[in-house]
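This report concerns only the one structure given below.
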Amino acid sequence: DLYYKSYNCVCVMFASVPDFKEFYTECDINKEGLECLRLLNEIIADFDELLSKPKFSGMEKIKTIGSTYMAAAGLSGTADRERQQAQIGIMVEFAIAMMGKLDGINRHSFNSFRLRVGECTQPLGSLNINLSLTV
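Numbering-wise (UniProt numbering), the sequence shown opens with residue 1 and increments by one.
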């Protein structure tokens, strides 16, 4: 079965740590890259922790791909235009909070990671989800 849902105003954010690729190495000192991956896991876990705050309750983590974090706001389907617009501001606040978390990690791990963020807001009219299950 194919499930179709459209949304009036969705804000999607991609946040990546572009320096992580250069940071990651596989050598004996860092247990063949394991310590690098532990640090990346800590970064992502800190970002996930932000989503538990009431301020960010309308946001959803979509996925992570390597050192890139994808989240969205506006998937609640509310028709209130003012609330939809407010979600854009909340997404910006989330990005700023992510930068704060990364600054804290940098201080404790003696790194200088940066966060590159891109956001897009528009109607989403063709979210198709294939719900076929194999039993």
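Note that beta-carbon positions come from the ideal geometry of N, C-alpha and C, so glycine has one too.
- Ranked by Cα distance from A95, the options N106, S109, N41, D48 are led by D48.
- Collapsing the DSSP output to three states places F94 in a helix.
- S16 and L50 have their C-alpha atoms some 16 angstroms from each other.
- Between D46 and M13, the alpha-carbon positions lie close to 17 angstroms from each other.
- Considering only G66, M70, L39, K101, the residue with the shortest C-alpha distance to C120 is M70.
- Leaving aside the five residues that flank F56 on each side, the residues in its chain whose CB is nearer than 7 angstroms to its CB run, in chain order, L50, I90, F94.
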